[in-house]
Amino acid sequence: MTNSTFNQTSSMDTLNKQLNQLVVETCCHPRLSLERQKGLNEIIWRIQQSGKLLSGVGVPDYEDAIQQTWLYFCRNLCEATTGDTYNPERASVITWLNAYLKHRLQDIRIKAASNAIAAYTHSSDFDESLDHVNNIPAPPAPPPILSDILEWVELEGSLLRSIHLRDRPDINCQVLIQRRLPPETTWEQLAKEFGVGISSLSKFYQRECFPRLLNFGKSQGYLES
7 MTNSTFNQTS SMDTLNKQLN QLVVETCCHP RLSLERQKGL NEIIWRIQQS
57 GKLLSGVGVP DYEDAIQQTW LYFCRNLCEA TTGDTYNPER ASVITWLNAY
107 LKHRLQDIRI KAASNAIAAY THSSDFDESL DHVNNIPAPP APPPILSDIL
157 EWVELEGSLL RSIHLRDRPD INCQVLIQRR LPPETTWEQL AKEFGVGISS
207 LSKFYQRECF PRLLNFGKSQ GYLES
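The working numbering applies: residue 7 is where the sequence shown begins, and numbers increase by one.
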């Protein structure tokens, strides 16, 4: 290990210890109290200054993902409100937040792809009463992305249904892929409907369902390999 690597590791360990101590102190105060809020703000400031959160260079709506991440942080650091409570024995605060932020960035990419899918369904809408438009040769029909995905989800239904959350066969890849296609159902709605934490649903979707949808998109040429 080089001196530079050792110093970086040592610095990160020190930061994590400081943040964990702040978490303990912050969570000792009642929810919504001024002391709790000050503690949350201090932790957020230190994490921002560390520069250790996932970068959003070139990612549209990155700021929205960051705002969602900080909201999740404030709601679940000390108590489980919209997801799983932070557990310092499983990960550092920064690792915990980066895991959530990664999922939100993936959601942004999925939403962008969904918008592209929706755009295809509207791209052929035009006023056929305009003769000068009718005289122009029609462009090639856009690929029916959404209908192809829906057909694939049905054809592969047996396999996709077999991939489900532990002890919850009703929460499976077929259902989640269908519900996340336009018009998408929010994670909040799905969590309420299934009685499962948003984090659990999202992690399962990102780990098991989205890679299969992504592979299908690549196999059809809709996405770059």
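Ideal Cβ positions, reconstructed from N, Cα and C, are used throughout, including at glycine. The structure presented is a predicted model; accordingly, all values stated were derived computationally and were not measured.
| Query | Result |
| --- | --- |
| Are L171 and F210 touching if we call contact CB-CB under 8 Å? | yes |
| Could you pull the DSSP bridge partners for N178 from this structure? | H170 |
| Taking 7 Å as the line, does the beta carbon of C33 fall inside it for any heavy atom of the ligand SAH? | Because no ligand of any kind appears in the structure shown, any question about the ligand SAH cannot be addressed here. |
| Tell me the rounded alpha-carbon separation between C33 and C80. | 11 Å |
| Can you look up K23 in the DSSP assignment and give me helix, strand or coil? | helix |
| According to DSSP, simplified to helix, strand and coil, what is C215? | helix |
| Is it the case that the stretch 19-37 contacts the stretch 46-57, given that we only count it when at least three CB pairs across the two stretches are under 8 Å? | yes |
| Could you tell me whether the Cβ atoms of V159 and L166 are closer together than 8 Å? | yes |
| By the three-class DSSP mapping on this structure, what secondary structure does V202 have? | coil |
| To which residues of the same chain is E31 closer than 8 Å at the C-beta, ignoring the five residues directly before and after it? | G45 |
| Which runs of the alpha helix (DSSP H) fall wholly inside the stretch 22-78 and span at least 4 residues, in chain order? | 40-56 |
| Within 10 angstroms of the Cβ of S225, are there 16 or more other Cβ atoms? Answer buried if so, exposed if not. | exposed |
| For E194, which of S153, E214, I169 and T87 has the nearest alpha-carbon? | T87 |
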